[in-house]
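Engineer: In my numbering, the protein residues as written are 4 to 625.
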Amino acid sequence: MSEEEINRKIAVIFATDVVGYSKHMEVDESETVKNLRACENLLTGLFEKHKGRLFNTGGDSFLAEFPSAVSAVECAVAFQLAIQQRNKLDKTTVKLEFRIGINTGDVIQEKENLLGDGVNVAARLEALAQTNGITISKSVYDFVKGKTKFEFNDIGLQKVKQNEFHAFDIILNNEQKRSLRTGKGTNLLKPAISILTIFLLVVGISFYLNIFSMNKSNVTKTSNKEISDRVLVLVKPFDLASKGSDLDYIAKATTDHVNSTLSNYRMILVLEGSTGKFVVENELTNTEIKNQFGVNLMIDGTVQIAGEQIRISTNITNLDINQIVSSEIFELSEGELFEAQDKITNRLMSELKLTPNTQHNARVSENPEVYKLNSLAFGNLIAWTRQGASKAQELWTQALEIEPNNLRLKMGLGWVAHQKVLLGISDNPSDDLQNALEIAMEMLEEEPNQVLAMTLASVVHGIFGNYEEACLKLEDMNDLAMAPNDLAMVAYINQNCDDNAQVIKVLERLFLIAPHYPSWIRYYYAYALIQVGELDAAFDYAQEQTKYSHSYYGANETFLLILSYISDKRKNTADAKKFFDEYTRMPNKLTGTHIKSDFSSAQNQDFPNDFVNTLKKYGLTD
Numbered sequence: 004m005s006e007e008e009i010n011r012k013i014a015v016i017f018a019t020d021v022v023g024y025s026k027h028m029e030v031d032e033s034e035t036v037k038n039l040r041a042c043e044n045l046l047t048g049l050f051e052k053h054k055g056r057l058f059n060t061g062g063d064s065f066l067a068e069f070p071s072a073v074s075a076v077e078c079a080v081a082f083q084l085a086i087q088q089r090n091k092l093d094k095t096t097v098k099l100e101f102r103i104g105i106n107t108g109d110v111i112q113e114k115e116n117l118l119g120d121g122v123n124v125a126a127r128l129e130a131l132a133q134t135n136g137i138t139i140s141k142s143v144y145d146f147v148k149g150k151t152k153f154e155f156n157d158i159g160l161q162k163v164k165q166n167e168f169h170a171f172d173i174i175l176n177n178e179q180k181r182s183l184r185t186g187k188g189t190n191l192l193k194p195a196i197s198i199l200t201i202f203l204l205v206v207g208i209s210f211y212l213n214i215f216s217m218n219k220s221n222v223t224k225t226s227n228k229e230i231s232d233r234v235l236v237l238v239k240p241f242d243l244a245s246k247g248s249d250l251d252y253i254a255k256a257t258t259d260h261v262n263s264t265l266s267n268y269r270m271i272l273v274l275e276g277s278t279g280k281f282v283v284e285n286e287l288t289n290t291e292i293k294n295q296f297g298v299n300l301m302i303d304g305t306v307q308i309a310g311e312q313i314r315i316s317t318n319i320t321n322l323d324i325n326q327i328v329s330s331e332i333f334e335l336s337e338g339e340l341f342e343a344q345d346k347i348t349n350r351l352m353s354e355l356k357l358t359p360n361t362q363h364n365a366r367v368s369e370n371p372e373v374y375k376l377n378s379l380a381f382g383n384l385i386a387w388t389r390q391g392a393s394k395a396q397e398l399w400t401q402a403l404e405i406e407p408n409n410l411r412l413k414m415g416l417g418w419v420a421h422q423k424v425l426l427g428i429s430d431n432p433s434d435d436l437q438n439a440l441e442i443a444m445e446m447l448e449e450e451p452n453q454v455l456a457m458t459l460a461s462v463v464h465g466i467f468g469n470y471e472e473a474c475l476k477l478e479d480m481n482d483l484a485m486a487p488n489d490l491a492m493v494a495y496i497n498q499n500c501d502d503n504a505q506v507i508k509v510l511e512r513l514f515l516i517a518p519h520y521p522s523w524i525r526y527y528y529a530y531a532l533i534q535v536g537e538l539d540a541a542f543d544y545a546q547e548q549t550k551y552s553h554s555y556y557g558a559n560e561t562f563l564l565i566l567s568y569i570s571d572k573r574k575n576t577a578d579a580k581k582f583f584d585e586y587t588r589m590p591n592k593l594t595g596t597h598i599k600s601d602f603s604s605a606q607n608q609d610f611p612n613d614f615v616n617t618l619k620k621y622g623l624t625d
């Protein structure tokens with residue numbers, strides 16, 4: 004096409020995208036698509052009302068052209084408010100959120116589509132926007148200031164790739180006020196723009212100069228000194244703004260790295276990752292996060308991938324004063340990630356002079372491809388599904404082809420083998436369990452205090468009935484377990500070894516740092532209370548848990564069965580039947596076999612047998 008044939012014009016471009024769309028699809032694909040279609044209908048209706056024209060869509064992203072900047076801004080505000088209202092009222096578990104960017108500039112029109120920098124900058128502004136937020140260029144701001152009732156926040160000059168633009172946020176609530184500055188250059192390794200250097204500066208100042216006016220009495224609702232004397236930190240899952248990239252593991256890996264690195268410092272108490280997920284899924288405000296968990300500092304971020312470049316934005320919010328104290332936008336290549344992580348760790352050690360925990364876990368590999376495969380494999384493993392176990396096995400096998408002597412990768416396959424047996428998809432359970440045991444023992448020869456290897460060995464020994472071996476290192480495991488996953492597994496081993504008093508003790512430690520750990524651990528807590536004779540406490544706890552909707556398969560149903568069982572033991576058959584009848588109306592129908600599988604490696608089978616036999620009176624099937 005010659006220059007004379009190019010159709011250029013000035014247009015107002017509206018760009019929007021779903022926040023965390025890939026995560027929603029992983030959780031519930033059909034419900035996500037259903038809700039996306041509903042949001043799309045809402046959006047297109049507003050486009051029509053405000054004279055906008057949809058000219059391009061990428062499934063969960065939408066580009067529209069408007070005749071005026073005022074119309075585009077009014078449409079954007081109306082859409083965000085409508086979506087927030089819909090999420091409050093709608094009963095669906097999938098609640099979609101959007102970011103919006105608006106720019107006016109020169110574009111090229113090709114048939115119905117629009118191209119050029121005017122569109123590109125709108126997309127950059129959308130990626131820069133906060134969740135449920137709207138970010139506009141100065142050119143749009145100049146058109147709409149004084150013509151709308153909205154409040155604007157100047158976030159300064161931004162430079163992303165070849166685009167440089169002055170940006171403004173539209174403030175829909177006070178929590179959206181922030182201060183951004185441009186990330187200079189493209190090298191993440193510069194200390195001033197590392198993910199945790201920001202954290203370093205904020206926390207370092209708070210430790211040594213006490214500029215954060217922390218109210219220690221509000222740090223947590225518990226009086227446990229383990230929490231009350233420390234800075235409480237929450238890392239929200241980094242949001243993936245780009246879809247369909249083979250680098251999408253970066254968002255989770257970045258979140259996990261921030262969490263694991265900070266967890267190694269005893270003066271900082273980092274809430275376990277499921278709490279961050281809970282906060283996001285339940286759309287808690289900063290005030291709600293502060294009141295519910297006592298969090299002092301919150302870290303969140305966005306990862307966007309374009310070609311081989313990775314763009315990361317981070318925010319640190321001081322919840323004691325409810326202000327964003329630092330924000331950064333910067334770019335890096337995939338190959339720079341490891342060196343950056345090392346710099347971050349070194350800076351934390353040297354500048355904060357903090358003593359790391361003994362449970363510091365080194366990176367699984369210095370090979371980017373192996374690192375990626377391991378991250379993806381672990382994500383599939385924790386899904387605890389047949390498909391997840393099979394995919395995790397495939398990914399770890401690929402990683403071991405690159406690094407055949409990597410024991411940490413082998414440990415992954417050991418856990419896969421164990422999981423396949425419990426999920427009933429193992430072709431040879433005995434061989435799989437023996438393989439898992441051999442892997443765990445090989446790991447312990449290299450790292451004698453590796454908690455996950457100790458627990459894997461113990462679980463397999465329990466399944467084989469070798470309880471002397473299963474319980475041999477239990478005391479060491481109780482002392483070594485610090486991380487939430489370690490504590491959960493150690494509680495499980497204590498149950499297998501018939502030490503339910505220790506189960507209760509370990510889980511109460513877990514609940515302090517992981518108040519929203521997956522729900523299976525909560526009914527294990529109720530089981531332990533029953534077995535130590537604390538029926539009243541178990542009943543009250545299970546009844547409290549029925550007030551919540553648990554995402555883990557069968558958790559809601561299990562608590563009702565526990566209530567039915569305890570009622571029967573109290574000779575209250577009417578209540579026992581009432582709770583069981585309520586259970587029958589739940590979506591997941593558990594069997595006696597399913598319940599007993601929770602105790603498959605336990606030495607004492609008296610309780611699960613009694614539990615199942617008692618509930619058979621009310622209709623529980625084998």
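Positions of the beta carbon are idealized from the N, C-alpha and C atoms, including for glycine.
Taking only the alpha-carbon atoms, compute the straight-line gap between ILE699 and ASP20 and give it to the nearest angstrom.
Structural biologist: The structure shown does not extend to residue 699, since the chain is modelled only from 4 through 625, so no value can be given for it.
Engineer: Under the DSSP definition of a beta bridge, which residues are partnered with VAL110?
Structural biologist: Numbered from 1 along the sequence shown, position 107 holds the residue referred to as residue 110. VAL110 pairs with LYS12.
Engineer: Just how far apart, CA to CA, sit PHE101 and LEU160?
Structural biologist: Here residue 101 is taken as the residue at index 98 of the sequence shown, counted from 1. Here residue 160 is taken as the residue at index 157 of the sequence shown, counted from 1. When rounded, the distance between both Cα atoms is 23 Å.
Engineer: Since I believe ILE302 is in contact with ILE319 (beta carbons under 8 Å), could you give me their beta-carbon distance rounded to a whole number of angstroms?
Structural biologist: Residue mapping note: residue 319 aligns to position 316 of the sequence shown, counting from 1. Residue mapping note: residue 302 aligns to position 299 of the sequence shown, counting from 1. About 6 Å separates the two Cβ atoms, so the contact holds.
Engineer: Taking only three categories from DSSP, how would you classify GLY48?
Structural biologist: Residue numbering aside, residue 48 sits at position 45 when the sequence shown is read from its first letter. Judged by DSSP in its simplified three-state form, GLY48 adopts helix.
Engineer: Whose C-beta lies closer than 7 Å to the C-beta of ASP625 among residues of the same chain, with five residues either side of it excluded?
Structural biologist: The count along the sequence shown starts at 1 and reaches residue 625 at position 622. Hits under 7 Å: THR594, GLY595 and THR596.
Engineer: Candidates GLU286, LEU243 and VAL236: which alpha carbon is nearest ASN262's?
Structural biologist: As a first step, residue 262 is located in the sequence shown; it is residue number 259 there, counting from the start. The shortest C-alpha separation from ASN262 is found at VAL236.
Engineer: ILE405 lies in the alpha helix (DSSP H); which residues open and close that run?
Structural biologist: On the sequence shown, residue 405 is found 402 positions in, with the first residue counted as 1. Looking at the DSSP string, the run of the alpha helix (DSSP H) that includes ILE405 is 389-405.
Engineer: Less than 8 Å separating the beta-carbons of ALA545 and PHE562?
Structural biologist: One-based indexing of the sequence shown puts residue 545 at position 542. One-based indexing of the sequence shown puts residue 562 at position 559. Yes, they are a contact pair.
Engineer: Give me the Cα-Cα distance between VAL206 and VAL15, rounded to the nearest whole angstrom.
Structural biologist: Against the sequence shown, residue 206 aligns to sequence position 203. Against the sequence shown, residue 15 aligns to sequence position 12. Residue confidence is low: VAL206 scores 34 on pLDDT, short of 50, so the model does not pin down where it sits. No coordinate-derived value is stated.
Engineer: Whose C-beta lies closer than 6 Å to the C-beta of LEU412 among residues of the same chain, with five residues either side of it excluded?
Structural biologist: Counting from one through the sequence shown, the residue named residue 412 turns up at place 409. Correct list, in chain order: TRP399, ALA402 and LEU403.
Engineer: Over the uninterrupted beta strand (DSSP E) stretch that includes SER140, give me the two end residues.
Structural biologist: On the sequence shown, position 137 is the one that residue 140 refers to. It spans 137-140 - the beta strand (DSSP E) in which SER140 sits, taken as one unbroken run.
Engineer: Three or more beta-carbon pairs under 8 Å between the region 50-59 and the region 140-159, yes or no?
Structural biologist: no
Engineer: Using only CA atoms, which one of LEU515, ALA18, GLY136 and VAL30 lies nearest to TYR556?
Structural biologist: Position 553 of the sequence shown holds residue 556. The shortest Cα separation from TYR556 among LEU515, ALA18, GLY136 and VAL30 belongs to VAL30.
Engineer: Leaving aside the five residues before and after ALA18 along the sequence, list all residues of the same chain whose C-beta is less than 6 Å from its C-beta, in chain order.
Structural biologist: Here residue 18 is taken as the residue at index 15 of the sequence shown, counted from 1. The answer, listed in chain order, is LEU66, GLY104, ALA125, ALA126 and GLU129.
Engineer: Taking the alpha carbon of ALA75 as the point to measure from, which residue in LYS394, THR107 and THR96 has its own alpha carbon closest?
Structural biologist: Within the sequence shown, the letter at position 72 stands for residue 75. The option with the nearest alpha carbon to ALA75 is THR107.
Engineer: Residues in the same chain with beta-carbon distance under 6 Å from VAL97, minus the five sequence neighbours each way, listed in chain order, please.
Structural biologist: Here the question's residue 97 lines up with position 94 in the sequence shown. HIS27, ASP31, GLU34, THR35 and ASN38.
Engineer: Any C-beta of chain D sitting closer than 8 Å to the C-beta of ARG525?
Structural biologist: Checking the listed chains, one finds no chain D in this structure; it contains a single protein chain.
Engineer: By the DSSP assignment, the beta strand (DSSP E) with ALA517 in it spans what residues?
Structural biologist: Taking the sequence shown and counting its residues from 1, one reaches residue 517 at position 514. From DSSP, ALA517 is part of no beta strand (DSSP E); its letter is neither H nor E.
Engineer: Run through DSSP, which three-state label would ARG89 get?
Structural biologist: What you label residue 89 is simply residue 86 of the sequence shown in a count that begins at 1. DSSP places ARG89 in helix when its eight states are reduced to three.
Engineer: Provide the residue span of the beta strand (DSSP E) that contains ALA67, from first to last.
Structural biologist: If you number the sequence shown from 1, residue 67 lands on position 64. Counting along the chain, the unbroken beta strand (DSSP E) around ALA67 starts and ends at 64-69.
Engineer: Considering only residues of the same chain and omitting the five flanking positions on each side of MET457, which have a CB-CB separation below 6 Å?
Structural biologist: For the purposes of this step, residue 457 is taken as residue 454 along the sequence shown, with counting starting at 1. Excluding sequence neighbours, MET457 sits near LYS476 and MET480.
Engineer: Just verifying my parser: in three-state terms, what is the DSSP assignment at ARG512?
Structural biologist: Locating residue 512 in the sequence shown gives position 509, where the first residue counts as 1. In this structure, ARG512 counts as helix in the three-state DSSP scheme.
Engineer: Taking its Cβ as the centre, do 16 or more other Cβ atoms sit within 10 Å of SER433, making it buried, or is it exposed?
Structural biologist: Locating residue 433 in the sequence shown gives position 430, where the first residue counts as 1. It is exposed - the Cβ of SER433 has fewer than 16 other Cβ atoms within 10 Å.
Engineer: Quick one: Cα of ILE496 to Cα of PHE168, how far?
Structural biologist: As a working mapping, residue 496 is identified with position 493 in the sequence shown. As a working mapping, residue 168 is identified with position 165 in the sequence shown. Each residue's Cα considered, the two are about 57 Å apart.
Engineer: Is ALA579 closer than 8 Å to VAL535 when the C-beta atoms are compared?
Structural biologist: Along the sequence shown, one-based indexing puts residue 535 at 532. Along the sequence shown, one-based indexing puts residue 579 at 576. Cβ distance not < 8 Å, so VAL535 and ALA579 don't count as in contact.
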